[in-house]
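Student:
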Amino acid sequence: MTALLDIAELVKRFDVGNKRQLHAVDEVSFTIGRGETVGLVGESGCGKSTLVRLINRLLDPTAGSIRLGGTELADFKARTFAGNANRPRIQMVFQDAGDSLNPRYTAADAIADPIRRMKKMSGADLRRRVEQLADMTGLPRELLTRFPHQLSGGQKARVGIARAVAVEPELLILDEPTAALDVSVQVVILKLLQQLKRELGMSYLFVSHDLNVVRLLCDRVLVMYLGKIVEQGPAGELFADPKHPYTRALISAIPQAEPDKRVGRLRLPGEPRSPIDPDSTVCRFYGRCPRGEPRCSSEMPALRTLAPARQVACHFA
Amino acid sequence: MTAIPALAVEDLSVEFRTRSGTVKVLDHVGFHVGKGETVALVGESGSGKSVTAFAVMGILDPAGRVTSGSAMFGGSDLLTLSERDLAEQRGRELSMIFQNPRTALNPIRRVGQQIADVLVQHGGATRNDAPQAAVEMLKKVRIPDPERRAEAYPFELSGGMCQRIMIAIALACRPALLIADEPTTGLDVTTQAVIMDLIGELAHEAGMATIFITHDLALAAEYCDRIVVMHAGHVVESAPSHALFTQPRHPYSARLLAATPGETATLADLASIPGSLPDLRRPDLPACRYSGRCDRKVDDCVRPLPQRVVGDRHIVACWNPL
Amino acid sequence: MLSLLRHARYVMSENPVTGLAFALFAVFLLAAILGPLIAPYDPLQSNAAMALKPPSAAHWFGTDQLGRDIFSRVLVATRLDLTIAFASVVLAFLLGALSGVAAGYFGGWTDRVVGRLADTIMAFPLFVLAMGIVAALGNKVINIVIATAIINFPLYARVARAEANVRREAGFVEAARLSGNGEARVVLGHVLPNIMPIMMVQMSLTMGYAILNAAGLSFIGLGVRPPDAEWGIMVAEGANFIQSGEWWIALFPGATLMLAVFCFNLLGDGLRDIIDPRKRT
Numbered sequence: 001m002t003a004l005l006d007i008a009e010l011v012k013r014f015d016v017g018n019k020r021q022l023h024a025v026d027e028v029s030f031t032i033g034r035g036e037t038v039g040l041v042g043e044s045g046c047g048k049s050t051l052v053r054l055i056n057r058l059l060d061p062t063a064g065s066i067r068l069g070g071t072e073l074a075d076f077k078a079r080t081f082a083g084n085a086n087r088p089r090i091q092m093v094f095q096d097a098g099d100s101l102n103p104r105y106t107a108a109d110a111i112a113d114p115i116r117r118m119k120k121m122s123g124a125d126l127r128r129r130v131e132q133l134a135d136m137t138g139l140p141r142e143l144l145t146r147f148p149h150q151l152s153g154g155q156k157a158r159v160g161i162a163r164a165v166a167v168e169p170e171l172l173i174l175d176e177p178t179a180a181l182d183v184s185v186q187v188v189i190l191k192l193l194q195q196l197k198r199e200l201g202m203s204y205l206f207v208s209h210d211l212n213v214v215r216l217l218c219d220r221v222l223v224m225y226l227g228k229i230v231e232q233g234p235a236g237e238l239f240a241d242p243k244h245p246y247t248r249a250l251i252s253a254i255p256q257a258e259p260d261k262r263v264g265r266l267r268l269p270g271e272p273r274s275p276i277d278p279d280s281t282v283c284r285f286y287g288r289c290p291r292g293e294p295r296c297s298s299e300m301p302a303l304r305t306l307a308p309a310r311q312v313a314c315h316f317a
Numbered sequence: 318m319t320a321i322p323a324l325a326v327e328d329l330s331v332e333f334r335t336r337s338g339t340v341k342v343l344d345h346v347g348f349h350v351g352k353g354e355t356v357a358l359v360g361e362s363g364s365g366k367s368v369t370a371f372a373v374m375g376i377l378d379p380a381g382r383v384t385s386g387s388a389m390f391g392g393s394d395l396l397t398l399s400e401r402d403l404a405e406q407r408g409r410e411l412s413m414i415f416q417n418p419r420t421a422l423n424p425i426r427r428v429g430q431q432i433a434d435v436l437v438q439h440g441g442a443t444r445n446d447a448p449q450a451a452v453e454m455l456k457k458v459r460i461p462d463p464e465r466r467a468e469a470y471p472f473e474l475s476g477g478m479c480q481r482i483m484i485a486i487a488l489a490c491r492p493a494l495l496i497a498d499e500p501t502t503g504l505d506v507t508t509q510a511v512i513m514d515l516i517g518e519l520a521h522e523a524g525m526a527t528i529f530i531t532h533d534l535a536l537a538a539e540y541c542d543r544i545v546v547m548h549a550g551h552v553v554e555s556a557p558s559h560a561l562f563t564q565p566r567h568p569y570s571a572r573l574l575a576a577t578p579g580e581t582a583t584l585a586d587l588a589s590i591p592g593s594l595p596d597l598r599r600p601d602l603p604a605c606r607y608s609g610r611c612d613r614k615v616d617d618c619v620r621p622l623p624q625r626v627v628g629d630r631h632i633v634a635c636w637n638p639l
Numbered sequence: 640m641l642s643l644l645r646h647a648r649y650v651m652s653e654n655p656v657t658g659l660a661f662a663l664f665a666v667f668l669l670a671a672i673l674g675p676l677i678a679p680y681d682p683l684q685s686n687a688a689m690a691l692k693p694p695s696a697a698h699w700f701g702t703d704q705l706g707r708d709i710f711s712r713v714l715v716a717t718r719l720d721l722t723i724a725f726a727s728v729v730l731a732f733l734l735g736a737l738s739g740v741a742a743g744y745f746g747g748w749t750d751r752v753v754g755r756l757a758d759t760i761m762a763f764p765l766f767v768l769a770m771g772i773v774a775a776l777g778n779k780v781i782n783i784v785i786a787t788a789i790i791n792f793p794l795y796a797r798v799a800r801a802e803a804n805v806r807r808e809a810g811f812v813e814a815a816r817l818s819g820n821g822e823a824r825v826v827l828g829h830v831l832p833n834i835m836p837i838m839m840v841q842m843s844l845t846m847g848y849a850i851l852n853a854a855g856l857s858f859i860g861l862g863v864r865p866p867d868a869e870w871g872i873m874v875a876e877g878a879n880f881i882q883s884g885e886w887w888i889a890l891f892p893g894a895t896l897m898l899a900v901f902c903f904n905l906l907g908d909g910l911r912d913i914i915d916p917r918k919r920t
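Chains as they are written, first to last, in our numbering: chain A, 1 to 317; chain B, 318 to 639; chain C, 640 to 920.
(1) Determine the chain A residues that contact C/Glu822 at a beta-carbon separation under 8 Å, and present them in chain order.
(2) Is it buried or exposed for B/Ser399, if we count other Cβ within 10 angstroms and need 16 for buried?
(3) Taking Cβ-Cβ distances shorter than 7 Å, what residues in chain C pair up with A/Arg87?
(4) Using a beta-carbon distance below 9 Å, is B/Glu354 in contact with chain A?
(5) Chain C partners of A/Gln91, CB-CB under 7 Å?
(6) Compare the C-beta of A/Arg163 against all C-beta atoms of chain C and say whether one is closer than 9 Å.
(7) For B/Leu561, which of B/Arg407, B/Ala535, B/Glu464 and B/Arg481 has the nearest alpha-carbon?
(8) Where C/Val812 and B/Asp612 are concerned, what is the direct C-alpha to C-alpha distance, given to the nearest angstrom?
(9) According to DSSP, simplified to helix, strand and coil, what is B/Gln406?
(10) May I ask you to verify whether the segment 110-118 of chain A touches the segment 178-188 of chain A, counting CB pairs closer than 8 Å and requiring at least 3?
(11) So A/Ser208 and A/Gly35 are in contact, right, with Cβ under 8 Å, and what is the actual spacing, rounded?
(12) Between B/Ser608 and the rest of its own chain, which residues show a CB-CB distance below 6 Å, the 5 nearest in sequence each way excluded?
(13) Which residue marks the beginning of the alpha helix (DSSP H) containing B/Met374, and which one marks its end?
(14) List the residues of chain A whose Cβ lies closer than 7 Å to the Cβ of B/Thr583, in chain order.
(15) Between the segment 501-510 of chain B and the segment 376-394 of chain B, can you find at least three pairs of beta-carbon atoms closer than 8 Å?
(16) Would you mind telling me which residues of chain C sit closer than 9 Å to A/Arg284, beta carbon to beta carbon, in chain order?
(17) List, in order along the chain, the chain A residues whose C-beta lies closer than 9 Å to that of B/Ala416?
(18) Below 7 Å on C-beta distance, what does B/Thr507 contact in chain A?
(19) At 8 Å on the CB atoms, spell out the chain C contacts of A/Phe76, in chain order.
(20) Please classify A/Arg146 as buried or exposed, where buried requires at least 16 neighbouring CB atoms within 10 angstroms.
(21) If you follow the beta strand (DSSP E) that A/Gln21 is in, where does it begin and where does it stop?
(22) What do you get for B/Thr369, buried or exposed, if any count of 16 or more other CB atoms within 10 angstroms of its CB means buried?
(23) Along the chain, where does the beta strand (DSSP E) that runs through A/Gln311 open and close?
(24) Taking C-beta to C-beta, are C/Ala687 and C/Leu705 nearer than 9 Å?
(25) For a test of the three-state rule: what should DSSP assign to B/Ser330, helix, strand or coil?
(26) Chain B beta carbons: is any one of them nearer than 9 Å to that of A/Arg20?
(27) Are A/Met136 and A/Glu199 closer than 9 Å when you measure CB to CB?
(28) Is the shortest distance between the beta-carbon of B/Ala451 and the beta-carbons of chain A less than 9 Å?
(29) Exposed or buried, C/Trp748, counting other C-beta atoms within 10 Å across all chains shown (16 or more means buried)?
(30) Cβ atoms of C/Trp887 and C/Pro693: under 9 Å apart, would you say?
(31) Closer than 8 Å by beta-carbon distance: list the chain A residues that pair up with B/His532, in chain order.
(32) What are the complete alpha helix (DSSP H) segments, minimum 4 residues, inside the segment 401-477 of chain B?
(33) Nearest to C/Arg806 by CA position, among C/Ala741, C/Leu794, C/Asn852 and C/Leu756, is which residue?
(34) Taking the Cβ atom as the reference point for each residue, do A/Leu4 and A/Leu68 lie within a distance shorter than 9 Å?
(35) Tell me which same chain residues have a C-beta within less than 6 Å of the C-beta of B/Ile544, skipping the five on either side of it?
(36) Say whether chain A places a C-beta atom closer than 9 Å to the C-beta of B/Gly477.
This is how it looks when you write it as structure tokens:
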């Protein structure tokens, strides 16, 4: 599988005054192949949102490379990327569909906006394309003239998806697209996303903290903690046999109805370490990890390859 | 059930007056919570689960009206108590925690003071010993470095910590009943697990009854003794957690389960629930509000809902249960 | 467009006061447009013989010290006053709202510059500033408009800035960037439309204020000069005659002024209800 997206040593640091820096994303490297769905999981504050903003070019990296099918996107500045020819290639579906829709725009306006801006379509052609997208995402055509506050959660989600796929992106980032939806609507939307991926030949980066949903949809999963990727692997393997203690804690935390299945559980006490000026010789998970050996506080574990497509950043995996 | 339940809700109906008509949000809702028991109120949005809690606590929106029913708690009917009597009960015997902990706390008051406030108001503490008692509560909810944290403002704390503060406030006076309205929605899964464990332990230790409102069936199944499933203002099924999860008897409960991602399902195995909620403003609502979407509908379904006992503490409101 | 009109009708039926305000506004508008055509007398025509006559069948509002028909003068003045009001508000909006939105959205130096500009203007007692501007630029109507716009700048800029600041973090702003909207387009096409409802209320309130400002300035001899008909200057001239018992010279223009300001204030709320899509069910 040829890599569509190639992230190499991506770094983002924010100045927080007094010459201190917040290490939001710390030398992250991974790839997404064509037609692949890669999941990204991690706690709030782990740097997922920053990473996403770097990839979709709303934010400039401090260092590192973002290659999309051979084009180095880090060469372009975020401020002017909106007018760049590469803009349509990466799009995003937002977590809170309601918040991501302009309250003054009808559903049709919202879906038409990217097409107008990037495909320069207008008039009858534009209208036809918007209707086609509505049909594709299961949005009844009558709802196109409605405003966001007149639509249900599921309908808003569909508008957000229609808008995102309107310009036929190669990579679609899904930021918790079903977090705010009822479980029944979630099923419908997830199936829709699955279908669209096949029909339009996209790759997905699926960010979520609902691990059950990640397991359903993703081929591979990246686990992030305090700005670093701590584990990576095929979804099935990762869930069956997590190697990093944080991954184990994450999986343990999934609510389990069957009492017999509640084994080998790991509970994390406390809070994560501070991402401000972290010590580069200490493992980020040290202190919260059930296993804390001297080596952990003197040597930062590197992301090692254990098997093809399986990587872990832990001294003891 | 031979023991007197901590809370007994019977026949509760609530209406909301809106510009576009009267919405019959709850229709003859009834369930019991035993002493020391954890009961989950599970349902999708529009099911009425939060409204039930607000009605019991007496904090319904002014447009809402209780049109029938009772909520027996500690020997009196909460729904008929005066505002003053109810205010006395709240915080002392009856407590609630909410979603979005950071917004539920007073942003301009230190967290230690907020706990102390409750202790002084309802717990009989004096202004002098309240701060120390507040620090004790912080220790109880396992906040590290409690003396220092007591001086913090909510915005300085993470979501998980704020939720612990809310729990500390809610449990400060050792209430007999705690209502938790989606307390972990929006929190990370690891934080959720820890918070749910904490509530469970504290409840067990104090013999406190808990009502958990959630849309997450698996969460309810792991942490609660019993689950009450709600749909469009009706209680459709109530059963011990394990029984509901493995053998749901109401078609809606079964569908809800079939739509919940678990570990063995693939996307193709999941099924959504056909149809949608009925418009609760209609004057001609059917006796069973699920019948419009149900594939097991029979002629009996136009009759008022039964309460069929189908197992140990397992009740279904259905004429044609699975 | 059709749904907007339908919604407008709904808003007016819900709230009769809004309907009244719109009706009144329509009357003023008609008076402004048709005034000079339908005035019974030439507003500038003096007639010494008919001076200081009280209201009668021939002169509904009476005559002033030069024998001019007050009703005709009040009617014709509507055009001047409404023009001043509209123009001031539009200019204030262009200067203030656009700067404010840019300041709120971009922050940094834009915010600092706009902030300091607003502070400088607010440092002066506003009416004194208006007087100063008109005195410096000359006694012309256009200068009243400019002066009013300038003294309203801080208010518009602050409201716009606060609103833009809130919207800056909103999901739809990010989505707009992803959709290929450059920063200027995001500000003008996405953020600005969202603050319009509040700006509408602001603008209608300022319309009333603009007329009062113009009236105040002409009262002290700046801005509109005699013999032009303008409500404020008419009140000023009439003030001299109240003591001697000729109450009608000041009352009628004063009452019309009051009615106009009242109408504009009510209009603002109604306009916001119509324009804000969230009020639509």
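Ideal placement from N, C-alpha and C gives every residue a C-beta, glycine not left out. Quick caveat: nothing in here was measured; it's all calculated off a predicted structure.
Tutor: Answer, in terms of the structure:
(1) Arg79 and Ala82
(2) exposed
(3) Gly819
(4) Interface flag for B/Glu354 against chain A is unset, since no Cβ pair is found closer than 9 Å.
(5) Leu817
(6) yes
(7) B/Ala535
(8) 44 Å
(9) helix
(10) Cβ pair count under 8 Å is below three, so no.
(11) The pair is not a contact, with the Cβ atoms about 20 Å apart (cut-off 8 Å).
(12) Lys614 and Cys618
(13) Counted as a single uninterrupted DSSP element, the alpha helix (DSSP H) harbouring B/Met374 occupies residues Lys366 to Met374.
(14) Leu216
(15) The segment 376-394 of chain B vs the segment 501-510 of chain B: no contact.
(16) Going along chain C, no residue has its Cβ under 9 Å from A/Arg284, so there is no contact; the nearest lies around 28 Å.
(17) In the sequence under discussion, the amino acid at residue 416 of chain B is Gln, which differs from the Ala named in the question. The contacting residues do not exist; B/Gln416 stays about 12 Å from chain A at best.
(18) Going along chain A in sequence order, the residues near B/Thr507 (Cβ under 7 Å) are Glu43, Ala249, Leu250, Ala253 and Leu268.
(19) Residues of chain C passing the Cβ test: none, with the nearest at roughly 13 Å.
(20) That one is buried.
(21) DSSP places A/Gln21 inside the beta strand (DSSP E), whose first and last residues are Gln21 to Gly33.
(22) buried
(23) Arg310 to Val312
(24) yes
(25) strand
(26) no
(27) yes
(28) no
(29) exposed
(30) yes
(31) Asp182 and Val183
(32) 418-421, 428-439, 447-457 and 463-466
(33) From the listed residues C/Ala741, C/Leu794, C/Asn852 and C/Leu756, the smallest Cα separation to C/Arg806 is found for C/Ala741.
(34) A contact, by the Cβ cut-off of 9 Å.
(35) Ala357, Val359, Ala537, Ser558 and Leu561
(36) yes
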